[in-house]
Amino acid sequence: MPGRLMMNQQGAVGPQDLKKDRSQAQTGNVSQKRDLAQMQGAAHTNGNTNGVLSGSLPNGLPAKNEPLPTYNGHSNGAGTSMSRPSTPPPLDQSWRTSENNKPFGVLLARLAQQCFGDLNATLNKMNDMPPPQSAASNGVVPQTFDPSKESLARKKALMDFASDQRDRFTKALILSDFARSEHDMAKLVDLKAWFDSQIASQDNAMRFIGITKHDVARAKMPNPNIEGAMELLANGKAPSKWPDLGYIPPPKLTAKQLASTLQDMNVIIATRLNLHEDLPHYFRDFSIANGRATFRVPGEFEVDLSVADEEPSSQFYLIDLRFSFTPAPALTDDLLRNALEAHTNEALSSKGLLGCYDFLHNFVLTHKINVLKSQSVQLFREKWFDCLVTETQRRVLAIQYWKDQAGKKSWIEFGISTGKSRGKHSRRRPTSQHSVRWFRQGQEVHDQAIFVDWDDLDLDVILSQVTAKHASWSLSTISDRLQALAGPRSQVRAQLSTSNSSADECNLTLSLPGLRNPIAVNIEPVTGLATISPSSRDAATAQRNLNRDPSTDNSASIAQLLCRAVQDKVRRVAASARWQLVDPRGFGPQPNFRALFGQDIVRHDIFACNEAWGENWSLCTTYSLAGQKWWVVQTNSRLVEEGRIIKSIVDARPLDVTTSALSRADLSRIQTMGEAEVSFAVLVQELGANKIPYHLERLSSLTFDGDRRDESATTVVYIRMSQQDLKKPELAPYKPLAITEWIRIVYEGLLDDNDGSEESRHDIRLTLESSQLKHLKDYLTTTQSRNGDVAMNASGGLALSLRAQFGQSYIKEIARLLKRCRDLDSALSAARHLQYTCTAVGLSKLAFTYGTSQQYNGVLSKKGGSTELKLGPSSSNPHQRIRTHLEEVYNRAADNPFFSLTFAMSASQPFLEAISELELKHSAQRTLTLHSHHVFSYSLVYHAPLAPCRFKIVIHWNNQPNTRNKTVSYTVTVWNRDGIKLPTDFTTALTDLSKDAGSPTEGWMGNNRGGFTSNAKGLRAMLQRLDDFMLSSTNGSNNAVEKLDKSETPLPETKPALSRNSSQTQAPTQQKPPTPAQMRNQARPPPNQIRPGQDSTARQMTVPATHGQRPNQNQGRVKKEIIELD
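Set out below in structure tokens:
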């Protein structure tokens, strides 16, 4: 139409004016538009723009000087002047107030919101991408340019996002340019709306015309049948070729006719199927009844076929079709049923029964796949929301499950295969069938078949089966990788529960000895993500590592989780036992850590379990998949820069401990075992340094396994010292160790004393020959009065209890105890010989009684490095005044100290008892004083009103020839010093007394020079006679005695302060007690000869200093047990 042509031409020119350059959009200038009257010249095809015509008009009129506008091919009749166009119709502007008209600001806001959402999605997608293999632990790639696939994928994702957003904002920029002239754009939209309404009206008109034409065809009169009418008029009958239009219904058959007809049809069908038809293999199951043949294909369909002619070559027709699977399609829809019937009859017509089977069989196969597809859509909306991806290609359905799982995809594929077997040939024609393939993480699984019940289709059951198998495989892979990491010494208890029907029933429980609650790993059936319970920070880390990429070996994360669970439990129990956890930051680099503890260590803790261990010894426990192990570690400290002290482990000694469930009591036993290891480590180090042969043996391990507890964990050290070893000069201090062939040492535990000293107790066992320590053996086997630190049986087994400072060497203490046993044996021998009775015999205490007329007692107990003597009764024991001297005698004796002590006590007892009786006589006026200088040297002083005089009393001993009896003599002489003289008459009277008094028969006698000598028999008589003489001399003064006191001050009677090292105490007037050998070999001197007991002949005796011994060792807070031998 000419008008339509004009508008098209105008529209062609219009876009040139609507395009605006960027400068116009920015400056806001609006280009001037030409109206319709100005564009008239452009509406003519044969004219130019200046109004001069060069051809005819479109309607065929000749061109004039002035252009004539044309409308619908007609001229307006004005040849000289142009008529104005009519007013254009009003435009519809209802769109301006409709909901579809949105402000431009809303568009920009939603565009920005969409950009932000796409940015977050892009960043999350980049975060889920696996990091490059060359990246560091924090994901940083060291190279400037990373050409890896992962890096390129990240860059591509970011560039795609930037490109898409750039296109969107570019369009927004163009729209903003248009929005600057919104009035003109609104007019353009009005025109666009008017054009759309015109086009819609034209489409409606054409559609109405087509429908009217289609409906009119039914009202058209058919052409008359002239030939049929002539035949009807000629014959009087209707032609046989006339179709039966069904206007007149046929007569109904009777029941008998109907039964006969059906019977005839049954015979025809049976004859044809048995004689003329080549039945397909899958149509062998059929039945004939009611004029039809019913063919059954199990799991697919049942089809009823019949014939319409007796001719054997006539085709079968479909009578009915039923499906034998669920869910089956409903054939209530006439369109579907008619289509199936048409295609089935067509297949029967062209290919017979085989074609019918092929069509229906393929239809069922395809329909079952479509049923699975529809079920997948339903599951995606419900149970498997946003976790399934369904793809269909021809007749193949692929369903990807666990969509959000990282790594490669997993899916199950349903398709239709040809049914041919590779490498096999069969006479039977292959038929298509369903095929199922399972791809697990991108790899097809061939060793596990997926069972699909094609008779009852349920995709949920199939997915549950597949996910259950996948979850079982994933958990089994985790368990296998963990066992491979643990190695052959694995202590991981893994219990895998699998299922073929539900992933909820699949779980993996992992546990280590000492872990009460196992770690459970499960796979979520819908999402496929691994979950770990019980939840914790380490469980969340391990779970995140497992879900990051299931194909990666994440067994190290599981190992960390298991070991951390055991570590937390041990730390809680250790805190309740007041163990201090050593800060690992105080340790420097440990290059030898793996060499000391093993290569499979996952975690470790170092505990300071007791202050007695000091800073160099600690208890360490390591955690690995091979189980928890306990160690005793030795550390040293060194100073680094800025005054910081760091520690390093120099040695680690394993403890044979098997733990299952720890308690505070178990930690106490482990601590005791560690203390034994520390003690033996120090002992072995000293034995090795001194080259003393030894043997270390572990009798059993410490086991804490549920209800079964083996608390007999013992480590034993055997020391062997032979006589050949004593020839070595460096082994001379350890001579007592050669008393037997083997010495067995067992650690017993710490003794927590009140004074703060930490001492350990050891059990020492050895076997002696019958000739060794026989007195000690006789005593310990025949009496029950003994201490718990020594025991001995009749077969020669000796048990000793040793107390030593923990962490310090105690080999010398063992030698001291063995020497002490020899001393005890000698003490028992000496006690029997001197008529002393030992009431308690022990390594730290020896109690005895003595005396005939009156019973006295004494106790020797160890105090630090010396021995302390306690006497009783304290008020009547005559030796109480010389107790300190007796202690010195015992401590200074180099050999057989008990004999030296008892001999001194036996020798001084008669004298002290006699002096005590004399002091009672002088107690009123206190005219008699006894000063003790030594056990065998005393000063007897008489004071005014008696004649002042000082007598020196010395005890001597000698042995009788050819006998074992000893003889003790006592000498009394006047204490003479230069410059000090006694009165002449007193001296003369005393000299006369020494000439006439006493006789050998009485047991005492004088020496003719004012001195006296007596034995034990005449001691009392001699002292009594001397005392009577002094009582007869009166009216004296104390001047001479005071001069003597000034010249030599007597020793105090109170106990002096002793040094810890008794060898530093000097006793210039000390006389060494005799030994048994000296008593046998010493000749009897003349009666008037004073026995050598002076300071010049006294040999100073020393006691060996103890090592590491602290005072108050006998005060312990643990119960001392009596050591019994089996």
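One point on numbering: in the UniProt record's numbering, the residue at position 555 of the sequence shown is 555, and numbering is uninterrupted.
Cβ coordinates follow ideal geometry from the N, Cα and C atoms, glycine included.
For this session: Give the C-beta separation of Q628 and P513 to the nearest angstrom, bearing in mind that I take them to be a contact with Cβ-Cβ under 8 angstroms.
Result: Indeed, because the Cβ distance is near 6 angstroms, the residues count as touching under 8 angstroms.
For this session: Rounded to whole angstroms, what's the CA-CA distance from R669 to H775? Just pull it up for me.
Result: Taking the straight line joining both Cα atoms gives about 39 angstroms.
Exercise. I think A468 touches S501, with their Cβ atoms under 8 angstroms apart; what is that distance to the nearest whole Å?
Worked result: 6 angstroms between Cβ atoms; contact.
For this session: Under 8 angstroms Cβ to Cβ from H604, same chain only, skipping five residues before and after it: list those, please.
Result: Cβ neighbours of H604 beyond the five flanking positions: F597, C620, T621, T622 and Y623.
Problem set entry | Nearest neighbour of L993, chosen from S969, K351, N517 and R1025 [CA to CA] | For L993, the nearest C-alpha among the options comes from R1025.
Exercise. Tell me, which residues are paired with F414 by DSSP?
Worked result: F414 is bridged by DSSP to L397 and V436.
Exercise. R489: which of A626, V396 and H361 sits nearest, CA to CA?
Worked result: Its Cα nearest to that of R489, the residue A626 stands out among A626, V396 and H361.
For this session: Report yes or no: is there a C-beta of chain D within less than 8 angstroms of the C-beta of Y942?
Result: Judged by its chain identifiers, the structure shown contains no chain D, having just a single protein chain.
Exercise. If we count the other Cβ atoms within 10 Å of its Cβ and call it buried at 16 or more, is H934 buried or exposed?
Worked result: Buried is the label assigned to H934, since at least 16 other Cβ atoms lie within 10 Å of its Cβ.
Exercise. What are the boundary residues of the alpha helix (DSSP H) that includes N124?
Worked result: F104 to D128 is the span of the alpha helix (DSSP H), which, as asked, contains N124.
For this session: Take A162 as the anchor and find which of T122, Q590, V790 and L175 has the nearest alpha-carbon.
Result: When only C-alpha atoms are compared, the closest one is T122.
For this session: Look at the alpha carbon of D447 and the alpha carbon of V466, and state the distance between them as a whole number of angstroms.
Result: For D447 and V466, the distance between alpha carbons rounds to 13 angstroms.
Exercise. Excluding the five sequence neighbours on either side, which residues of its own chain have a C-beta within less than 8 angstroms of the C-beta of P243, listed in chain order?
Worked result: For P243, there are no CB contacts under 8 angstroms within the same chain when 5 residues up- and downstream are skipped.
For this session: Pull up the distance between the alpha-carbon of I739 and that of L818, whole angstroms please.
Result: Rounded to the nearest angstrom, the two C-alpha atoms are 8 angstroms apart.
Exercise. Which residues in the same chain as L846 place their Cβ atom closer than 6 angstroms to its Cβ, once the five residues preceding and following it in sequence are excluded?
Worked result: Only residues of its own chain outside the window of five on either side were considered, and among them L860 have a CB closer than 6 angstroms to the CB of L846, listed in chain order.
Problem set entry | Those runs of the alpha helix (DSSP H) which lie wholly inside the segment 731 to 783 and span at least 4 residues | 774 to 782, all fully within the segment 731 to 783.
For this session: Enumerate in chain order the residues of its own chain whose CB-to-CB distance from T332 is below 8 angstroms, with the five nearest sequence positions on each side excluded.
Result: When the five nearest sequence neighbours on each side are left out, no beta carbon in the same chain lies closer than 8 angstroms to the beta carbon of T332.
Exercise. Taking the C-alpha atoms as reference points, what is the distance between P430 and D600?
Worked result: When rounded, the distance between both Cα atoms is 59 angstroms.
For this session: Return the residue from the list D895, K952, K409 and N857 that minimises the CA-CA distance to Q909.
Result: Looking at the Cα atoms, N857 is the closest of the given residues.
Problem set entry | Helix, strand or coil at I248 according to DSSP, with G and I counted as helix | Three-state result, I248: coil.
Exercise. So what's H695 in DSSP terms, helix, strand or just coil?
Worked result: Here H695 sits in strand by DSSP.
For this session: Note down the Cα distance separating L886 from P983, rounded to an integer number of angstroms.
Result: The straight-line gap from Cα to Cα measures roughly 36 angstroms.
For this session: Report the rounded CA-to-CA distance for N46 versus A179, giving the unit in angstroms.
Result: Annotation note: pLDDT 41 at N46 (below 50); position unreliable, no value reported.
Exercise. Just checking my contact of F301 with F283 at CB under 8 angstroms: how many whole Å lie between their CB atoms?
Worked result: Separation of the CB atoms of F301 and F283 is rounded to 11 angstroms, and the pair is thereby denied contact status at 8 angstroms.
Exercise. Does the segment 331 to 346 come close enough to the segment 303 to 319 to have 3 or more Cβ pairs within less than 8 angstroms?
Worked result: In this structure the segment 331 to 346 lies against the segment 303 to 319, because at least three pairs of beta carbons, one per stretch, are closer than 8 angstroms.
Problem set entry | Cβ-based neighbour list, L354, same chain, cut-off 7 angstroms, excluding 5 preceding and 5 following | Excluding the 5 residues flanking it on each side, L354 has same chain C-beta neighbours closer than 7 angstroms at P280, in chain order.
Exercise. How about the segment 540 to 552 and the segment 578 to 589: do they share at least three Cβ pairs that are nearer than 8 angstroms?
Worked result: No, the segment 540 to 552 does not touch the segment 578 to 589.
Problem set entry | Through-space distance from L475 to P298, alpha-carbon basis | Straight across, the Cα-Cα distance linking P298 with L475 is about 39 angstroms.
Problem set entry | Boundaries of the alpha helix (DSSP H) in which V155 is found, first to last residue | The question names Val, yet the displayed sequence has Lys at residue 155. Unbroken alpha helix (DSSP H) run through K155: K149 to A179.
Problem set entry | Helix, strand or coil at L886 according to DSSP, with G and I counted as helix | Helix, per DSSP.
Exercise. Helix, strand or coil: how does DSSP classify A556 here?
Worked result: It is helical.
Exercise. Between the segment 890 to 901 and the segment 870 to 881, do at least 3 Cβ pairs fall closer than 8 angstroms?
Worked result: Because the criterion of three Cβ pairs below 8 angstroms is not met, the segment 890 to 901 and the segment 870 to 881 do not touch.
Problem set entry | C-alpha distance - P693 paired with E730, whole-angstrom precision | Between P693 and E730, the C-alpha separation is close to 13 angstroms.
For this session: State the Cα-Cα distance for the pair A791 and A799, rounded to the nearest angstrom.
Result: When rounded, the distance between both Cα atoms is 5 angstroms.
Exercise. In the DSSP assignment, what residue or residues form a beta bridge with E868?
Worked result: Paired residues: S861.
For this session: Give the straight-line distance between the Cα atoms of P591 and D651, rounded to the nearest whole angstrom.
Result: Our two residues, P591 and D651, have alpha carbons roughly 13 angstroms apart in a direct line.
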